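Participant:
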Amino acid sequence: MKALISLAAAAVLFTVGTAFAAEQTWNGQISDSLCGAKHESESIGEGNGKISDQECTVACVKGGSKYVLVSSGKVYQIANQTYADLAKHAGHTVKLTGETKGDSIIVSKIEMP
Numbered sequence: 000m001k002a003l004i005s006l007a008a009a010a011v012l013f014t015v016g017t018a019f020a021a022e023q024t025w026n027g028q029i030s031d032s033l034c035g036a037k038h039e040s041e042s043i044g045e046g047n048g049k050i051s052d053q054e055c056t057v058a059c060v061k062g063g064s065k066y067v068l069v070s071s072g073k074v075y076q077i078a079n080q081t082y083a084d085l086a087k088h089a090g091h092t093v094k095l096t097g098e099t100k101g102d103s104i105i106v107s108k109i110e111m112p
C-alpha cells in the first residue's frame, strides 16, 4: 500500500513539475503576422498620415492577420489568438508569460512592463 501511495505521489509531482517547467517570460511588442517587427503604416491612416503601432496592429488583425510577439527581433506566433488581453495590448510593449508549443507560444499572462 505504501508503495502505491508513493508511486501516485511521485506521478503527481512529476506531472505538476512538467507542466510548469515549460513556462517562460518574454519582453516584446504585440504585433501582427502581416507587419511583424516593421509596421508599414505610412499610407493607412486618416488622410494617408502615419498611424501608431497599436492602430496598425488592430487594423491588420481586423483584416485577417494574426497576433504575434516580437521580442529581440524574433517574431513568435501566438497559438491562443482568442486570449482576452491580446486586443487590449495590441501594438504595446509587454511582458508575456506562456509556454512554447512547437513554433508558437500559448499565452497565460500579459502585463505592461
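Numbered according to numbering that gives the first Met the number 0, the sequence shown spans residues 0 to 112. Note that the Cβ used here is the ideal one computed from N, Cα and C, for glycine as well. Since the structure is predicted, the reported quantities are computational estimates derived from the model, not experimental observations.
From what residue to what residue does the beta strand (DSSP E) around ASP31 run?
Facilitator: 22–31 is the extent of the beta strand (DSSP E) around ASP31.
Participant: Would you list the one or two residues that DSSP bridges to SER103?
Facilitator: GLN76 and LYS100
Participant: If you measure between the beta carbons of LEU95 and TYR66, is that distance less than 8 Å?
Facilitator: no
Participant: Please state if the CB of LYS100 and the CB of ALA78 are separated by a distance shorter than 8 Å.
Facilitator: One thing to note: ALA78 has its Cβ within 8 Å of the Cβ of LYS100.
Participant: Going by alpha carbons, who is nearest to GLU110 out of GLY35, HIS88 and ASP102?
Facilitator: HIS88
Participant: For the alpha helix (DSSP H) that contains LYS61, what are its first and last residues?
Facilitator: 52–61
Participant: Using DSSP's beta-bridge definition, name the partner residues of LYS108.
Facilitator: Paired residues: THR96.
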